[in-house]
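Notes for the one structure printed next.
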Amino acid sequence: MVNLKALEARINERANQILKYAELAIPNERTFEFFRSCVLDELGQKGLRSDIATLLDHGGKGGTEAWNGMGRSHTGKKGGAP
């Protein structure tokens, strides 16, 4: 199962690396700050993280639990599964 916290940690690592490269490549501080803001918006809670959380969320807590219905019994009637 995919862990949302592990994905967020990987996104943070990659975003930090991208920002380090950009800081070296963009000499103007205002331009770098604008770029940094754009990257963090795209990868942050309003962007990629929100998209991933939506994809992982199947009705469980924090996207970590699958659909938590009662299932079906061997006869096909609802509510019989353990």
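Residue numbers (the working numbering): 71 to 152.
Cβ coordinates follow ideal geometry from the N, Cα and C atoms, glycine included.
A quick note: this is a predicted structure, and the numbers were derived from the prediction, not measured.
Pick from the options that is closest to residue i, judged by C-alpha positions
i	options	result
E112	R100, D127, L89	L89
C108	P97, A92, V72	A92
G114	P97, R80, D127	R80
Neighbour-count burial assignment, residue i, 16 or more Cβ in a 10 Å radius
i	result
G133	Here the model assigns G133 a pLDDT of 43, short of 50, so the residue's position is not dependable and the matter cannot be decided.
G130	With a pLDDT of 49 at G130, under the threshold of 50, the predicted position of this residue should be treated as unreliable, and no value is reported.
N82	exposed
C-beta atoms of residue i and residue j nearer than 8 angstroms
i	j	result
A85	L110	yes
Nearest-angstrom beta carbon gap, residue j and residue i [assumed within contact, 8 angstroms]
i	j	result
R119	E78	6 angstroms
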